[in-house]
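When we follow my numbering, the leftmost residue of the sequence shown carries the number 3, and every step to the right adds one.
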Amino acid sequence: MPLATVKNEFQLTIPAPIRKKAAIKVGDLLEFSFEPDGSIRLLPKSLIDKRQAAVKFFDEFIKDVKPRGEFADMTEDEIMSESIAIVKEVRAERKKRNLKCE
Numbered sequence: 003m004p005l006a007t008v009k010n011e012f013q014l015t016i017p018a019p020i021r022k023k024a025a026i027k028v029g030d031l032l033e034f035s036f037e038p039d040g041s042i043r044l045l046p047k048s049l050i051d052k053r054q055a056a057v058k059f060f061d062e063f064i065k066d067v068k069p070r071g072e073f074a075d076m077t078e079d080e081i082m083s084e085s086i087a088i089v090k091e092v093r094a095e096r097k098k099r100n101l102k103c104e
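Here you go:
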């Protein structure tokens, strides 16, 4: 079992065989936890940016949602195209209204 020495400011170097097997790279985050038997456990963790988190949340949220009404028989691409067309129509209508107000 490889050993590591705690250095100044409580830094330690993860032994190469452990580092390689766990695919730990410079800059990676590790989560520390205490186990009931008194051992310390390190788990590699990854952070995702806010956009990735939002996409993941949205994907999880809609995975069980089934299209209804006029969208029931449409594919995802058809729904997206229709949605984009509707947004364009609404924006054009708003733009027309704003021009009339000026």
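Where is the CB? At the ideal position from N, CA and C, for every residue including glycine.
With a threshold of 8 angstroms, are at least 3 pairs of Cβ atoms found where one atom belongs to the region 68-88 and the other to the region 42-49? no
Quick one: what does DSSP say Ser-41 is sitting in, helix, strand or coil? On the sequence shown, residue 41 is found 39 positions in, with the first residue counted as 1. If DSSP states are grouped into helix, strand and coil, Ser-41 belongs with coil.
Tell me which residue opens and which closes the alpha helix (DSSP H) that Glu-33 is part of. By 1-based counting over the sequence shown, the position of residue 33 is 31. Premise fails: Glu-33 lies in the beta strand (DSSP E), 31-36, not in any alpha helix (DSSP H).
What beta strand (DSSP E) runs, 3 residues minimum, are completely inside the region 60-84? none
Tell me whether Lys-52 sits in a helix, a strand or coil according to DSSP, three-state version. Along the sequence shown, read from residue 1 onward, the residue named residue 52 stands at position 50. Lys-52: helix per DSSP, three-state reduction.
Let me check one thing: in DSSP terms, what residues is Pro-46 bridge-paired to? By 1-based counting over the sequence shown, the position of residue 46 is 44. Answer is Leu-32, bridged to Pro-46.
Could you round the C-beta distance between Leu-14 and Ala-6 to whole angstroms and report it? I think they count as a contact, below 8 angstroms. Mapped onto the sequence shown, residue 14 falls at position 12. Mapped onto the sequence shown, residue 6 falls at position 4. Correct: roughly 5 angstroms between the Cβ atoms.
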